[in-house]
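For reference, the structure discussed in these notes is given below.
In the working numbering, the protein residues as written are 4 to 345.
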């Protein structure tokens, strides 16, 4: 009851100070938000905002044209959110970055707020100025329940942001295992695993590259089990190039055990070992060099064995009746039986 009364009082004061414009941004709202951030946010502020002290943070928020609905969605104040929606607040109102209330609720993992906004008809696939849809934000920060809600409301897990990353890319990059599992259950994601629509070497990263670069072994196992091409290459090379370059020794070991081709090159004709030799000097890189050299050595030994098995004359000792020898020039085949060359 107290929360509902406080929300009603806030709404009345807000409307009276903004000529009954429920969608208007205001300095007083930005100040109110700045003072409550440390108590209400489950995900830290972006670096660009966290640099400001609480007393001056509102000065950075006001240029965003933050509305009351943005505030309620961000802080998870469902009572206020409900009142605003009942008062016909614009559900998809955007700030200067193109962020809508659903973006902020998804970013903070406020499931109740997300549900209210979805029921009010909030758009799930409208991007912000940097190309983010709400699913990008919930996936990056590991909010499983919110991600599930968005998918159930037809959010597209294959949409790219301005950094050319999908929600699955972000989940894999930041090690959000449960969200990655959820996204992989979508039939739409199969095309991402198979690399459809990409000709030749892709310029962007794949989920496997991002997981390898950041050392997320569980994510890598999940992707391999889901059928992602382990030898898929971008301009920078394979996921082995990424893991080796960023010093992820255990990931290198995992990829080698999974059968990745250690001889594959990037667009500069460099193998993963070439990259490590040229760009790294850490103690981890020494172990990685050993692993890669051993893998290359094993391949060379295997190649020699395969060649010998293919061309070994003793494997061709098959008895040929004399009646059929006249048209076959196989004197060396008979030598194993007759101990001479005819």
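Glycine included, C-beta positions come from ideal geometry on N, C-alpha and C.
*Taking the alpha-carbon positions, what's the residue 299 to residue 292 distance?*
10 Å
*Can you check whether the CB of residue 105 is closer than 8 Å to the CB of residue 350?*
Since the first and last residues shown for the chain are 4 and 345, residue 350 lies out of range.
*Got a sec? Which residues, its chain only, sit under 8 Å from residue 253 by beta carbon, not counting five neighbours each side?*
218, 220
_Collapsed DSSP secondary structure at residue 81 in the structure displayed_ = helix
*Which word fits residue 89, buried or exposed, when buried means at least 16 other C-beta atoms lie within 10 angstroms of its C-beta?*
exposed
_Within 10 Å of its beta-carbon, does residue 245 have 16 or more other beta-carbons around it, so buried, or fewer, so exposed?_
buried
*Is residue 250 closer than 8 Å to residue 283 when the C-beta atoms are compared?*
yes
*Quick one: Cα of residue 82 to Cα of residue 73, how far?*
14 Å
*Is residue 153 closer than 8 Å to residue 169 when the C-beta atoms are compared?*
no
_First through last residue of the alpha helix (DSSP H) which encompasses residue 228_ = 220-229
*asked:* Distance check for residue 121 and residue 238, CA to CA, integer angstroms please.
replied: 39 Å
*Using the C-alpha atoms, what's the distance from residue 92 back to residue 212?*
42 Å
_Neighbour-count burial assignment, residue 144, 16 or more Cβ in a 10 Å radius_ = buried
*Provide the residue(s) that pair with residue 134 in DSSP beta bridges, ordered along the chain.*
In the DSSP output, where bridge partners are listed per residue, residue 134 has none listed.
*In terms of alpha-carbon separation, which member of 110, 263, 157 lies closest to residue 191?*
157
*Neighbour-count burial assignment, residue 53, 16 or more Cβ in a 10 Å radius*: Any reading at residue 53 must be qualified, since the residue scores a pLDDT of 39, below 50, and its modelled position is unreliable; no value is offered.
*Span of the alpha helix (DSSP H), counted from its first residue to its last, around residue 104*: 104-111
*Run the CB neighbour count on residue 108, radius 10 Å, all protein chains shown included, and call it buried at 16 or more, exposed below.*
buried
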